[in-house]
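Trainee:
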Amino acid sequence: MRNFLLIFQKEIRSYFNSPIAYVVITMFLVLSGYYFYNVFASFSTVSFQALSDPMLQRQSGLLNITERVVRPFFGNLSTFLLIMLPMLTMRSFSEEKKSGTIELLLTYPITDAQVIMGKFAGCFGIFSIMLLLTIPCFGFVVAWGQPEIGVIVCGYIGVFLMGGAFISLGILISSLTENQIVAAVLSFGSLILFFMLGFAATKAGPGMRDLLNYISFIPHLYSFAKGVINTADIVYYLLFIFVCVFLNMRALESKRWRG
Amino acid sequence: MIEVRNLTKHYGSQRGIKDVSFTVEKGEILGFLGPNGAGKTTTMRILTCFMPATSGTAKVAGFDVFEDSLQVRRRIGYLPETVPLYTDMKPPVYLAFVAGLKGVPYRDVKKKVAEVMDDVGLNEVAHKYVGELSKGYRQRVGLAQALLHDPEVLILDEPTIGLDPRQIKDIRNLIKGLAGKRTLILSTHILPEVTMTCKRVLIINEGKIIAEDTPDNLTQRLQGSMKFEIRVLGADKEEVREGLKGLNKFKNINHLTGEGKDNSFRVEMKEQRDDIFKELPVFFAQKKWGLRELKQAGLSLEDIFIQLVTEEN
Chain A
-7 MRNFLLIFQK EIRSYFNSPI AYVVITMFLV LSGYYFYNVF ASFSTVSFQA
43 LSDPMLQRQS GLLNITERVV RPFFGNLSTF LLIMLPMLTM RSFSEEKKSG
93 TIELLLTYPI TDAQVIMGKF AGCFGIFSIM LLLTIPCFGF VVAWGQPEIG
143 VIVCGYIGVF LMGGAFISLG ILISSLTENQ IVAAVLSFGS LILFFMLGFA
193 ATKAGPGMRD LLNYISFIPH LYSFAKGVIN TADIVYYLLF IFVCVFLNMR
243 ALESKRWRG
Chain B
5 MIEVRNLTKH YGSQRGIKDV SFTVEKGEIL GFLGPNGAGK TTTMRILTCF
55 MPATSGTAKV AGFDVFEDSL QVRRRIGYLP ETVPLYTDMK PPVYLAFVAG
105 LKGVPYRDVK KKVAEVMDDV GLNEVAHKYV GELSKGYRQR VGLAQALLHD
155 PEVLILDEPT IGLDPRQIKD IRNLIKGLAG KRTLILSTHI LPEVTMTCKR
205 VLIINEGKII AEDTPDNLTQ RLQGSMKFEI RVLGADKEEV REGLKGLNKF
255 KNINHLTGEG KDNSFRVEMK EQRDDIFKEL PVFFAQKKWG LRELKQAGLS
305 LEDIFIQLVT EEN
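The listed protein sequences correspond, in order, to chains A and B. Per our numbering, residue -7 is the first one in the first sequence, and the count goes up by one each step. Per our numbering, residue 5 is the first one in the second sequence, and the count goes up by one each step.
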C-alpha cells in the first residue's frame, strides 16, 4: 500500500511539475465550457421562443433541460476525454523506458502491480480534477432550470468509469513502446475504434449487433447519461479496466522475459 | 554472498553472455573488467533482477534472482551505467521517494536521506532539480539512491565514468570506505580503478570470463620472463646492442628511442632471477659507458588486459 501511494504521489507530482497537467486540464475546461455555453444558450433561446409559440411547446422533449443540455453535455465530455486522456497516459511508461528510469524502478523491491496501479491512480487523479472542475457548469443548470439531479450524478459516474477505461488502455499501450508519439497515436486509434464499433452495429445481423453494441463504449455511456445505472454497464467498464491492467502486468513481465 | 552459475543470456540470436560462473564472498570487492560490450552490464542486470538469464542460476544472499526476485531486490543497491534519474525532482525529494520504495521505515526516511546526502556530498545542490545537476552530481545522486537502505550488496556499473579527476577520486574513496561492510561488484573499463579499489578482478570478454584473480596474481602469472629498460650513454646503438648480446643473458634486445650516443633498449632475460642489477653496472664500467637508467618493466594491468583479450581472439 505504501509503495502504491509513493508511486501515485510521484506521478501526480510529475504531472504538475511539467506543464502537462496544466495544459491538459485548461484545454479540457475551455472545450467543455465552450460547448456547455453553446448548448445552454441555444436551449434558453428555444425556451424564449416557446413562450410565444404554442406549437413549439407541444414538441416532446424540446423543453426538457435534462434531455437538451445534460445528456449532450456528457456525450461531448466523452469526446473531449478521448482527445485529452491519451495525452496524459502516453508518457506513463514510455517516458520511463526512454529515459531508462524503468531500470531502477523495476529493481526496487516493489511489485509490477503496485507500479501499474500507482500510475493508473496518478493519472486517474488528474482526470478526476479536470472532471470535477466541470461541476460549476451544472451550477448554472440547477440555478436556472430544474434538471434531474439523479441524471447528473449518474452521468458523472458513467464518465468516471469511462475515463478509467480510457486511462487503463492508454497506460497499457504506453507500456508497449518507448516512443510517446507512438503511444499517443495507438491510444487515440484504439479508443476511436472502440467508439466506432457501434456504427457497424446498425448494419450487422442480430447476434453480431448485440455483440458490437456491448463492446463499444457509447451505448454504455448513454444509459448512464439517461440516468440508468445498469449493472451490465458498470461491469463492462470495470472488466475493461481489469483486462487492461492484467495485460499491462503481462507486458511488464514479458519485458523481463525478453530482456 | 553472490553465487553465479553457468549464466547465459541471448538477445534474440545474439549472445550476451555465455556460461558465466563466479562467486563473491561477503565483504569482498569484486572488479568486473572488460571492454565495452563484453557483457558486464548484462550480468549486472541479471543480478539485479531487471531481466532474467536464458539459462543458469544466480543467487544473492541465498535467494534466487528469478524465484525470489523481491527478496533479492530488497538486499541490493544498484547504480546503472546511465544513472537514470527523475529529472523533475530535487535530490532530497527523489531520495525520500526511493527510500520509501526500498522500505525504509517512515520515521527514519528524513534522517536516512540527510545521512546519505552527507556521505556523498550532495548538500550544496539540495535545492536544485536533478535535471539541472552536472554529471558528477547526478552520479552522486545515483550512488546515494543505491546506498539508501544500507543494502548488503552493492552493484555499481561504471560508477566513475564521465567524472572529472577530482570527482573520480572522491567516488573511489567513498567506494573504498564501503569495503568490508558490504559486498560490492564494480564494473569498469578503466583499469587503474580496479587496482586501486578491488581485491579480486574478473576479466570478461565477448561474454565469457577469461581470467579471475587478484590484481597482483594476474600480474605475476602473465609476466613470464623479466623485462628491463636500459638507457646507455657514450656508445652507438649498434655498439651497445653487440655488447649486450655478448653478455649472453638477454633475448629480444629492442632499441626503443634515442640517437647518437644516448640510446634506450628494452631487453628480456633468458632465465629468471638473474642478478642483473649487480652485473650490468660492472659490465658498463668496464666498457666505460654511462648507465643512465636501469629499471624493471613491470606489466601493468593494461598490458595484462590487452594480452588476455587478444590471446582469446
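By construction, the Cβ of each residue, glycine as well, lies at the ideal position given by its N, Cα and C atoms.
Show which residues of chain B have a CB atom less than 8 Å away from the CB atom of A:Y100.
Mentor: R77, V102, L105, K106
Trainee: Please name the residues in the segment 77 to 101 of chain A whose beta-carbon is closer than 9 Å to at least one beta-carbon of chain B, in chain order.
Mentor: Listed by position, the residues of the segment 77 to 101 of chain A near chain B (Cβ gap below 9 Å) are E88, S91, G92, T93, I94, E95, L96, L97, L98, T99, Y100, P101.
Trainee: Say whether chain B places a C-beta atom closer than 8 Å to the C-beta of A:K2.
Mentor: By this cut-off, A:K2 is an interface position.
Trainee: So which residues on chain B does A:R242 lean against when the C-beta distance must stay under 8 Å?
Mentor: By Cβ distance, chain B contributes nothing, its closest Cβ being about 15 Å from A:R242, past 8 Å.
Trainee: Tell me, please, whether the CB atom of A:N(-5) is closer than 8 Å to any CB atom in chain B?
Mentor: yes
Trainee: For A:S6, go through chain B and note every residue whose CB falls closer than 9 Å to its CB, in chain order.
Mentor: Those are Y90, D92, M93, listed as they occur along chain B.
Trainee: DSSP puts A:R50 in a beta bridge; with which residues?
Mentor: The partner list for A:R50 (beta bridge, DSSP) is empty, contrary to what the question assumes.
Trainee: List, in chain order, every chain B residue whose beta-carbon is nearer than 7 Å to that of A:L(-2).
Mentor: F101, G104, L105
Trainee: Short of 8 Å Cβ to Cβ, which residues in the segment 19 to 36 of chain A face chain B?
Mentor: none
Trainee: Evaluate A:T126 with the Cβ neighbour count: other Cβ atoms within 10 Å of its Cβ, from every protein chain shown; 16 or more gives buried, anything less gives exposed.
Mentor: buried
Trainee: Which class does A:G92 belong to by DSSP, given the choice of helix, strand or coil?
Mentor: coil
Trainee: Mapping the DSSP letters down to three states, classify A:L98 as helix, strand or coil.
Mentor: coil
Trainee: With respect to the beta strand (DSSP E) encompassing A:Q138, which residues constitute its N-terminal and C-terminal limits?
Mentor: DSSP places A:Q138 in no beta strand (DSSP E); its state is neither H nor E.
Trainee: Can the beta-carbon of A:I144 be found closer than 8 Å to that of A:F130?
Mentor: yes
Trainee: Kindly list the residues whose CB is nearer than 7 Å to the CB of B:A148, restricted to its own chain and excluding five residues on each side of it in sequence; keep chain order.
Mentor: L99, V120, M121, V124, L126
Trainee: Taking the C-alpha atoms as reference points, what is the distance between A:S52 and A:V15?
Mentor: Cα to Cα, A:S52 sits roughly 41 Å from A:V15.
Trainee: Between the C-alpha atoms of A:S167 and A:F85, what's the straight-line distance to the nearest angstrom?
Mentor: 5 Å
Trainee: Given this structure, state the Cα-to-Cα distance separating A:S36 from A:F28, to the nearest angstrom.
Mentor: 12 Å
Trainee: What three-state label does DSSP hand B:L188 in the structure shown?
Mentor: strand
Trainee: Under 9 Å between beta-carbons, which chain A residues line up against B:F36? List them in chain order, please.
Mentor: Correct list: empty, because the minimum Cβ distance to chain A is about 17 Å.
Trainee: Report, in whole angstroms, the separation of the C-beta atoms of B:R204 and B:G35, which I expect to be a contact under 8 Å.
Mentor: 7 Å
Trainee: Which one of A:M82, A:L74, A:F32, A:M79 has the shortest CA to CA distance from A:V62?
Mentor: A:F32
Trainee: Helix, strand or coil: which one does DSSP assign to B:L260?
Mentor: strand
Trainee: One question on the structure: do A:I94 and A:L153 come within less than 8 Å of each other, judged by their Cβ atoms?
Mentor: no
Trainee: Chain A partners of B:L74, CB-CB under 9 Å?
Mentor: P101, I102, T103
Trainee: Helix, strand or coil: which one does DSSP assign to B:R296?
Mentor: strand
Trainee: Pick out whichever of A:C236, A:V38, A:D45 has its Cα sitting closest to the Cα of A:L54.
Mentor: A:V38
Trainee: Would you list the residues sitting across from B:N209 in a DSSP beta bridge?
Mentor: B:K212
Trainee: Could you confirm whether any beta carbon from chain A is found closer than 8 Å to the beta carbon of B:P109?
Mentor: no
Trainee: Return the bridge partner residues of B:N267 from the DSSP annotation.
Mentor: B:V236, B:G262
Trainee: So with CB distances below 9 Å, who are the chain A contacts of B:T86?
Mentor: S91, G92, E95
Trainee: Determine the burial state of A:Y26: buried for a count of at least 16 other Cβ atoms within 10 Å of its Cβ, exposed for fewer.
Mentor: exposed
Trainee: Using CA atoms only, rank isn't needed, just tell me which of A:C146, A:F116, A:K90, A:S6 is closest to A:S160.
Mentor: When only C-alpha atoms are compared, the closest one is A:F116.
Trainee: Does any residue of chain B bring its CB to less than 8 Å from the CB of A:S166?
Mentor: Chain B contact via Cβ: absent.
Trainee: For A:S120 and B:C53, what's the separation of their Cα atoms in angstroms?
Mentor: 35 Å
Trainee: Does A:P11 pass the burial test, meaning 16 or more other C-beta atoms within 10 Å, or should it be called exposed?
Mentor: exposed
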